[in-house]
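Take a look at the structure set out below.
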C-alpha cells in the first residue's frame with residue numbers, strides 16, 4: 008500500500024511538473040534548435056524537438072530559461088513534502104525521465120539525428136545536464152531543509168505558548184492549589200492570597 012502510494016505521488020508530481028514546464032516553454036517561446044538530416048522522418052523530428060525543449064540548452068538565454076524553469080517547477084515537491092529526501096527523489100525522477108528519453112531519441116545509434124551533431128554536441132550537452140541535475144538536487148535539499156527547520160521551530164513555539172497558557176496565574180503558598188484567576192482567599196485552605204498592602208495598591 009505504501010509503495011503504490013509512493014509511486015502515485017511521484018507520478019502526479021511528474022505530470023504537474025511536466026504541465027508547468029510545457030506552459031513555461033509555450034509562454035517564453037523557448038526552442039532548442041536542432042539541424043535534422045533530410046532522411047529523418049517528420050514524426051521523429053517532432054518527437055525529438057518536443058522533448059529537447061524540456062532539458063537541452065547551449066547559449067546564455069537557454070541557460071537562464073532552463074535553470075529558472077526547473078528551479079520553479081522543483082518548488083512543487085519541496086512545498087508539498089517539506090522533506091529533503093522526498094523532494095530530492097521526486098525532482099531527480101522528473102529530471103531523469105525527461106533526459107533519459109531525450110538522449111535515447113537523440114543519440115541512440117539507430118535513431119541518431121546526424122553523426123556530426125552527435126560528435127559536436129554530446130559531451131557539452133551531457134555536462135550541461137549533469138550540472139543542472141546537481142543544482143536541482145542541492146536546491147531541493149537546502150530549500151526543503153530550511154522549510155522543515157522553520158516548520159519545526161514554529162511547532163516548538165506553539166508548544167511553548169500552549170505550556171505558558173496552561174501555567175496557573177496563582178498558586179496558594181500554603182496548600183499548593185492552582186488558580187486561573189487571582190482570588191482574595193484560597194477556597195481549599197482559606198489562606199489569604201492577597202495582602203492588605205496589595206489590596207491598597209490596587
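In this note's numbering, the protein residues as written are 8 to 209.
We treat Cβ as the ideally placed atom computed from N, Cα and C, and that holds for glycine.
Bear in mind that the values here come from a model prediction, so they are computed numbers and not experimental data.
Buried or exposed (CB count within 10 angstroms, at least 16 for buried), residue i
| i | result |
| --- | --- |
| residue 208 | Here residue 208 scores only 44 on pLDDT, less than 50, and its place in the model should not be relied on; the value that follows carries that caveat. That one is exposed. |
| residue 71 | exposed |
| residue 68 | exposed |
| residue 55 | buried |
| residue 191 | exposed |
| residue 60 | buried |
| residue 77 | buried |
Delimiting residues of the alpha helix (DSSP H) encompassing residue i
| i | result |
| --- | --- |
| residue 76 | 67-80 |
| residue 98 | 91-114 |
| residue 60 | 49-62 |
DSSP-derived helix/strand/coil call for residue i
| i | result |
| --- | --- |
| residue 195 | coil |
| residue 206 | Reliability of the predicted coordinates at residue 206 is poor, the pLDDT of 45 falling under 50, and the value obtained from them is presented with this limitation in mind. Helix, per DSSP. |
Nearest-angstrom Cα separation, counted from residue j out to residue i
| i | j | result |
| --- | --- | --- |
| residue 64 | residue 124 | 14 angstroms |
| residue 148 | residue 195 | 57 angstroms |
| residue 87 | residue 184 | 47 angstroms |
| residue 66 | residue 43 | 19 angstroms |
| residue 36 | residue 160 | 42 angstroms |
| residue 58 | residue 155 | 34 angstroms |
| residue 47 | residue 53 | 10 angstroms |
| residue 26 | residue 33 | 11 angstroms |
| residue 146 | residue 179 | 55 angstroms |
| residue 20 | residue 153 | 21 angstroms |
| residue 129 | residue 91 | 31 angstroms |
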